[in-house]
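*Asks:* Residue numbers (my numbering), protein chains in the order written: chain A, 938 to 1359; chain B, 938 to 1359. We treat Cβ as the ideally placed atom computed from N, Cα and C, and that holds for glycine. Here it is: the structure, laid out below.
Number of protein chains: 2
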Amino acid sequence: MKKRNAFYAQSGGVTAVINASACGLIETARKHKDKMGKVYAGRNGIIGALTEDLIDTSKESASAIAKLRHTPGGAFGSCRYKLKSLDENRAEYERLIDVFQAHDIGYFFYNGGGDSQDTAYKISQIGELLDYPITCIGIPKTIDNDLPITDNCPGFGSVAKYVAVSTKEAALDVRSMSKSSTKIFVMEVMGRHAGWIAAAGGLAAQEEGDAPHIILFPEIAFNEKKFLSRVKQSVKRYGYCVIVASEGVRDESGRFLAEAGSKDAFGHAQLGGLAPVLAELIKQQLGYKYHWAVADYLQRAARHIASKNDVAQAYALGKAAMELALKGKNAVMPTIVRKSDKPYRWSIGSALLADVANVEKMMPRNFISRNGFEITDTCRTYLEPLIQGEDYPPYRKGLPQYVTLKNIAVPKKLKKRFKVSL
Amino acid sequence: MKKRNAFYAQSGGVTAVINASACGLIETARKHKDKMGKVYAGRNGIIGALTEDLIDTSKESASAIAKLRHTPGGAFGSCRYKLKSLDENRAEYERLIDVFQAHDIGYFFYNGGGDSQDTAYKISQIGELLDYPITCIGIPKTIDNDLPITDNCPGFGSVAKYVAVSTKEAALDVRSMSKSSTKIFVMEVMGRHAGWIAAAGGLAAQEEGDAPHIILFPEIAFNEKKFLSRVKQSVKRYGYCVIVASEGVRDESGRFLAEAGSKDAFGHAQLGGLAPVLAELIKQQLGYKYHWAVADYLQRAARHIASKNDVAQAYALGKAAMELALKGKNAVMPTIVRKSDKPYRWSIGSALLADVANVEKMMPRNFISRNGFEITDTCRTYLEPLIQGEDYPPYRKGLPQYVTLKNIAVPKKLKKRFKVSL
């Protein structure tokens, strides 16, 4: 049987461990050179496929590929670009098939979140429809942790660890200063729709009185009175109050608090995030001195404090994706299967893309305490293993040594150009 | 000779390594039990001395004290409380002497920045004036790195490492996404008066084109036109632009930019920091999509990514402080002496508190490039050793194991209470 090439693309927001999946996939392909051709990566994700801008990963040394395991960000570039439906933009799909055909690509690997799994699923259908045989495999990745079936999503565990560690550390700082200075610390974390990341902040609390004293979830409508009362109580009891707030917190009318606080009657633009809005509210109502932080990209890029389990799973899923393809499986996504909580044991399973596409896994209500400000023991049992273990990158001159690949382009074969509107 | 007790207090903003100094001091005292009495720590810094709220560190196990070396924050509590001059508030000094006398305290150790060294100096003078023999030793600590004579200040190296690592990581994220999404990343760092911390972000750039592409220093007046032109140029050349901005950046009239941007004609309160102001300016003028982060306390509490050299120096200075006291030195502060840059070699020296008090070490102009947006090689040579080496804390269940001391109070001996107005 003739060997065919593989296409791999990174999609959506990148993470501290998405390159570990790329590493697992490419290293596995290299071990099966008898069956698998070259791995071409899309430069800037699927955009690279549409514009025939493919990266020849075979030009990278084994050592460079190995370093992907400890390098954050997307080594080939990623993008936020969602393919439309076949009805809406058939030209895009035809173009993809043209590019795949020109480069003898028989395998399509798409490393991303919910939208990306949906795209991988569509391409598997369209391959059939247009009579172009292509094996489509999704590789899970999202810090939002909202893919179904898999125990968790690579990228989330490392953000969770970053948020838990940062909360613990900042809390020690605030506690030290609270007698005469800052009493309030608000840390804003990512998670527009689901509170998984905010929940991870809750892991910092290991003993009674430990921070965070308040977690604000997007799932729980913000109640100013209850919130302020709890802030006051925390300062009274412990001398300080640490709040971990999801950027996606909404008020009872469903409006994002971050917007509510910063747009005034004159319609002035939003400048700050949610953290300063909350901090200022506390200052005005209770008079406490505050500090706040918005970690933003720092949290999802923080490879220096990645979770060892997360790295191992990201690598294993990339490897499993290639193995599934080699076994002739199609329209599937490898998953993490939890075998036990304590000790945490897991294995690799697989799910049909049809079952993954367009399904969001929300945080169960029983993961949040009845008062809406804490995580429950059930949630802790789920989260704890995901942040376990450290997997430090190598350092030189005090800085982590992350790899920048050569990213050499595959010579174009098509005469036709394709315009992608960004 | 009768043994006398020691008083130790943490002062001002805490750091990732101030407890390492406490560790060095207490462990050294314990090795000299023949000459040194107990070490009492001020609960919440000097406030604890004024209110006779002393912590008996002899009640802590050797293992707990050893863990201070890897625990961020201020283990005994710190405060922002500056003693007035003797003329303004003689009662405060008399009270201190009363408390010291009641507990047979013959040594005063003050672990802090410029103000604290000034306080230590004053107390050494007042001891003489009031005929109460007391040995006063300052221990340097400040993330602002602005103490004179010493090569650098404990706490700074670890913030510098955090900022350099975070800049490098976030830059990989932005670079991955820049084709179709975020092109601008602004990271706001501490440093109200001096650009030392912002300068440390510059260490992330190791090759041409590396982030940060722009550093904004408090020392250089913000010029909107030049700034925007450089942002545009960076996006054109590299596809993205990463900016590290000191919170203390001012416009040409000397006004803090963070304030300028957030107070409008209607006098609405400032909510955000500098980062959102800069990001919004870029969006409005150049149209680029942005993200921004404000690390705030995370940067100075980040013991998980502390600099090994910083930890070693913080410990060594605490140890040296105790040794100076044992040798009978008074009104001095141990310092770091740089013996060579490459390899970095250092030793412990000492300075007179009289020479340290009220002197601020600013960043030399030749540490900033002529265009005002970068660090020079001279600056890099100075900074590089300070972030070198990793000194990871131990972990359990995915989290660093920081110690919380018992902090048992020494029974009060004075009948008189003293009111501290906070």
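By a C-beta neighbour count over all protein chains shown, 10 Å radius and 16 as the cutoff for buried, is Gln1143 (chain A) buried or exposed?
*Replies:* When all chains shown are included, Gln1143 (chain A) counts as exposed.
*Asks:* Hey, would you say Gly1138 (chain A) sits closer than 8 Å to Pro1149 (chain A), going by beta carbons?
*Replies:* Going by C-beta atoms, Gly1138 (chain A) is nearer than 8 Å to Pro1149 (chain A).
*Asks:* Any chance the segment 1275-1289 of chain B sits against the segment 1042-1052 of chain B, with 3 or more Cβ pairs inside 8 Å?
*Replies:* Judged by Cβ distances under 8 Å, the segment 1275-1289 of chain B makes no contact with the segment 1042-1052 of chain B, as fewer than three pairs qualify.
*Asks:* Against Ile1324 (chain B), what residues of chain A qualify as contacts under a CB-to-CB distance less than 7 Å, listed in chain order?
*Replies:* Result: Gly1335.
*Asks:* Could you give the first and the last residue of the continuous alpha helix (DSSP H) run that contains Gln1221 (chain A)?
*Replies:* Per DSSP, Gln1221 (chain A) belongs to the alpha helix (DSSP H) from 1211-1223.
*Asks:* In the segment 1114-1127 of chain A, which residues sit with their C-beta less than 7 Å from some C-beta in chain B, listed in chain order?
*Replies:* Answer in chain order: Met1114, Lys1116, Ser1117, Ser1118, Phe1122.
*Asks:* By DSSP, does Val1111 (chain B) sit in helix, in strand, or in coil?
*Replies:* Three-state result, Val1111 (chain B): helix.
*Asks:* Which same chain residues end up closer than 7 Å to Lys972 (chain B) when comparing Cβ atoms and leaving out the 5 residues on each side of it in sequence?
*Replies:* Excluding sequence neighbours, Lys972 (chain B) sits near Lys940, Leu1263.
*Asks:* Only counting the same chain, and skipping five residues up and downstream in sequence, which positions put a Cβ closer than 6 Å to that of Ala1257 (chain B)?
*Replies:* If we look at Ala1257 (chain B) and ignore the five residues flanking it on each side, its Cβ neighbours are Pro1271, Ile1285.
*Asks:* Is DSSP giving Tyr1339 (chain A) helix, strand or coil here?
*Replies:* Looking at Tyr1339 (chain A) - three-state DSSP - the assignment turns out to be coil, as it is neither helix nor strand.
*Asks:* Could you check what DSSP says for Val1296 (chain A) in three-state terms: helix, strand or coil?
*Replies:* The answer is coil: DSSP assigns Val1296 (chain A) none of H, G, I, E or B.
*Asks:* Residues of chain A with CB under 8 Å from Trp1229 (chain B), in chain order?
*Replies:* In chain order: Val1231, Asp1233.
*Asks:* Does the distance from the C-beta atom of Ser1095 (chain A) to that of Ala953 (chain A) stay below 8 Å?
*Replies:* Yes, they are a contact pair.
*Asks:* Reducing DSSP to helix, strand and coil, say where Cys1178 (chain B) ends up.
*Replies:* Looking at Cys1178 (chain B) - three-state DSSP - the assignment turns out to be strand.
*Asks:* Here's the rule: buried if 16 or more other CB atoms are within 10 angstroms of the residue's CB, otherwise exposed. What is Lys1162 (chain B)?
*Replies:* Exposed is the call here.
*Asks:* Please give me, in chain order, every unbroken run of the alpha helix (DSSP H) with length at least 4 that falls completely inside the segment 981-1063 of chain A.
*Replies:* Here the runs fully enclosed are 983-987, 999-1004, 1027-1039.
*Asks:* Looking only at its own chain, which residues have a Cβ that is under 8 Å from the Cβ of Ala1003 (chain B), when we skip the five neighbours before and after it?
*Replies:* Counting only Cβ-Cβ distances below 8 Å, and skipping sequence neighbours, we find Cys960, Glu964.
*Asks:* Could you work out which residue in A:Val1168, A:Tyr1177, A:Ser1183 is closest to Ala1158 (chain A) when comparing CA atoms only?
*Replies:* Closest option to Ala1158 (chain A), Cα to Cα, is A:Ser1183.
*Asks:* Just the Cα atoms here: how many angstroms apart are Thr1087 (chain B) and Asn1246 (chain B)?
*Replies:* The alpha-carbon atoms of Thr1087 (chain B) and Asn1246 (chain B) are separated by roughly 14 Å.
*Asks:* Tell me whether Ala1257 (chain A) sits in a helix, a strand or coil according to DSSP, three-state version.
*Replies:* Residue state, collapsed to three classes: helix.
*Asks:* Can you list, in chain order, the residues of its chain whose CB lies under 7 Å from that of Glu1311 (chain B), leaving out five sequence neighbours each side?
*Replies:* Contacts found: Gly1139, Ile1152.
*Asks:* Please say whether Ala966 (chain B) and Val1248 (chain B) have beta carbons closer to each other than 8 Å?
*Replies:* No, these two residues do not count as a Cβ contact at 8 Å.
*Asks:* Checking contacts by CB at 8 Å: is Tyr1069 (chain A) closer than that to chain B?
*Replies:* Output row for Tyr1069 (chain A): interface = no.
*Asks:* Nearest chain B C-beta to Pro1009 (chain A) closer than 8 Å, yes or no?
*Replies:* With 8 Å as the cut-off, Pro1009 (chain A) counts as an interface residue toward chain B.
*Asks:* Say whether chain A places a C-beta atom closer than 8 Å to the C-beta of Val1102 (chain B).
*Replies:* Chain A contact via Cβ: present.
*Asks:* Taking C-beta pairs closer than 7 Å, name the residues in chain B that Ala1001 (chain A) reaches, listed in chain order.
*Replies:* Chain B residues near Ala1001 (chain A): none, gap ~15 Å exceeds 7 Å.
*Asks:* If we count the other Cβ atoms within 10 Å of its Cβ and call it buried at 16 or more, is Gly1075 (chain A) buried or exposed?
*Replies:* Gly1075 (chain A) is buried by the Cβ-count criterion.
*Asks:* So what does Met973 (chain A) bridge to, in DSSP terms?
*Replies:* In DSSP, Met973 (chain A) forms a bridge with A:Arg941.
*Asks:* Using only alpha-carbon positions, find the residue among A:Thr1315, A:Ser1015, A:Ala1346, A:Gly1064 that is nearest to Lys1120 (chain B).
*Replies:* Among A:Thr1315, A:Ser1015, A:Ala1346, A:Gly1064, the Cα nearest to that of Lys1120 (chain B) belongs to A:Ser1015.
*Asks:* With distances taken between CB atoms, is the gap from Val1231 (chain B) to Glu1125 (chain B) smaller than 8 Å?
*Replies:* Cβ distance < 8 Å, so Val1231 (chain B) and Glu1125 (chain B) count as in contact.
*Asks:* With a threshold of 6 Å on Cβ separation, who are the neighbours of His1241 (chain B) within its own chain once the five nearest residues in sequence on each side are excluded?
*Replies:* Cβ neighbours of His1241 (chain B) beyond the five flanking positions: Pro1337.
*Asks:* Whose C-beta lies closer than 6 Å to the C-beta of Ala1294 (chain B) among residues of the same chain, with five residues either side of it excluded?
*Replies:* Only Gln1054, Asp1055, Tyr1058 meet the Cβ criterion.
*Asks:* What does DSSP give as the partner residue(s) for Ile1121 (chain B) in the beta ladder?
*Replies:* B:Cys1178, B:Tyr1227.
*Asks:* Determine the DSSP secondary structure at Ala1202 (chain A), reduced to helix, strand or coil.
*Replies:* For Ala1202 (chain A), the pLDDT reaches just 37, beneath the cut-off of 50, and the residue's location in the model is therefore unreliable, leaving the point undetermined.
*Asks:* For chain B, is any of its Cβ atoms less than 8 Å away from the one on Val1096 (chain A)?
*Replies:* Val1096 (chain A) does not count as touching chain B.
*Asks:* How would you list, in chain order, the residues of chain A whose beta-carbon sits under 8 Å from the beta-carbon of Ile984 (chain B)?
*Replies:* The contacting residues are Lys1116, Ser1117.
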